[in-house]
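Chemist:
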Amino acid sequence: MIPALRRQKMIDLLKEADFLFLPDLVSAMQISESTVRRDLKDLARNGEIELLRGGGVRIPHKNMEMSINLKLQLHLQEKDAIAKAAARMICAGDIVFLDPSSVNYLLIDHLNAEGITVVTNSITHMAKLLQADIHCIMIGGQIKKSTSSCLGPMAETMLREMCFNKCFLGANGVDRINGITNHDPSEKSIKRIAIEHSASTYFLIDSGKFGQAAMCRVADVDECHILTDHIPDGYEDLPNLMEVPQ
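The opening residue of the sequence shown carries number 966 in the working numbering; numbering runs sequentially from there.
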């Protein structure tokens, strides 16, 4: 197969699957790994695909959101380090809100403070909390299938009746101009209510999201604490950024 047709087939596969790893493409294309790597580098250089840390490949689509299962495959080591650091900030007896982010899903594995209550609007997180025998409260509402989360007026009304010692939130992008952003206006509303009803707010954001912006501005870049695996160049002066140990 000539290179141009081979690369177009790769793009078509990525459009169908949304997200693939290198071995997936090698298997689907039935060509050598070195050829796939060479083609991917050329496609990335032309801006036709995006190479992700961890070996993933996708079509660039900043205004679309991945499911939590796909998110968990990206930057897993960095996210787990952030999750561990966040869990250490939770004290005995705390009432904590966790939004549906992938880092919060990992955070649940590291919860060991006694007598805590975890409130969440994530169906996925709730199942994991129940398995871990952690006292929890589910925020109900209209279900967003891609993130298995409850959103909308019902969820917002329930959340406004609660107060938290700490809340831990995810985001899709962070930059100096646009601040902390996410894709969905309904998710933004949930995050804003959680921020306003929490004594302390922590955004858990891997360094790969710095310099990116999604549709909805959730908070100013210096409004809340941000835990990340690495503080990128150009952000070192922000006192609210906290780099976690690896």
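Glycine included, every Cβ here is placed at the ideal spot set by N, Cα and C. Note that the structure is a prediction, hence the values are computed from the model and not measured.
DSSP has C1132 in a bridge; who is on the other side?
Modeler: BP columns for C1132 point to F1062 and T1166.
Chemist: Among D1149, S1165 and N1143, which residue has its Cα nearest to the Cα of V1061?
Modeler: When each option's Cα is compared against that of V1061, the closest is S1165.
Chemist: With distances taken between CB atoms, is the gap from G1135 to G1117 smaller than 9 Å?
Modeler: Against a cut-off of 9 Å, the Cβ pair of G1117 and G1135 comes out as no contact.
Chemist: Cα-Cα, which of S1114, H1090, E1013 and V1139 is closest to N1205?
Modeler: For the residues S1114, H1090, E1013 and V1139, the minimum Cα distance to N1205 belongs to V1139.
Chemist: By the 10 Å Cβ neighbour count, where 16 or more other Cβ atoms means buried, how is E998 classified, buried or exposed?
Modeler: By the 10 Å Cβ count, E998 comes out exposed.
Chemist: Pull up the CB-CB distance for S1113 and S1087, whole angstroms please, since I reckon it's below 8 Å.
Modeler: Their Cβ separation, rounded to whole angstroms, is 6 Å, which keeps S1113 and S1087 in contact under 8 Å.
Chemist: State yes or no: is the C-beta of T1146 within less than 9 Å of the C-beta of D1171?
Modeler: No, they are not a contact pair.
Chemist: Would you mind giving the Cβ-Cβ distance between I1055 and L1076, rounded to the nearest angstrom? I have them listed as a contact below 8 Å.
Modeler: That belief holds up - the Cβ atoms of I1055 and L1076 are roughly 7 Å apart, short of 8 Å.
Chemist: For A1159, which residues of its own chain have a beta-carbon under 8 Å away from its beta-carbon, when the five flanking residues on both sides are left out?
Modeler: Same-chain partners within the cutoff: F1062, D1064, L1124, F1129, C1132, L1134 and T1166.
Chemist: To test your reading of the DSSP string, which unbroken beta strand (DSSP E) runs of 3 or more residues are found completely within the region 1077-1119?
Modeler: Those beta strand (DSSP E) runs which fall completely within the region 1077-1119 and span 3+ residues are 1082-1085, 1101-1103, 1107-1109 and 1114-1116.
Chemist: Looking at the secondary structure, which residues open and close the beta strand (DSSP E) in which L1206 lies?
Modeler: L1206 to E1208 is the span of the beta strand (DSSP E), which, as asked, contains L1206.
Chemist: Per DSSP, V1022 is paired with what?
Modeler: BP columns for V1022 point to L985 and L1016.
Chemist: In terms of residue numbering, what span does the alpha helix (DSSP H) encompassing N1069 cover?
Modeler: Segment S1067 to L1072, the alpha helix (DSSP H) holding N1069.
Chemist: First and last residue of the alpha helix (DSSP H) that includes L1008?
Modeler: Note, L1008: alpha helix (DSSP H), E998 to R1010.
Chemist: Under 9 Å, do I1104 and T1082 count as touching if we go by C-beta distance?
Modeler: Cβ distance not < 9 Å, so I1104 and T1082 don't count as in contact.
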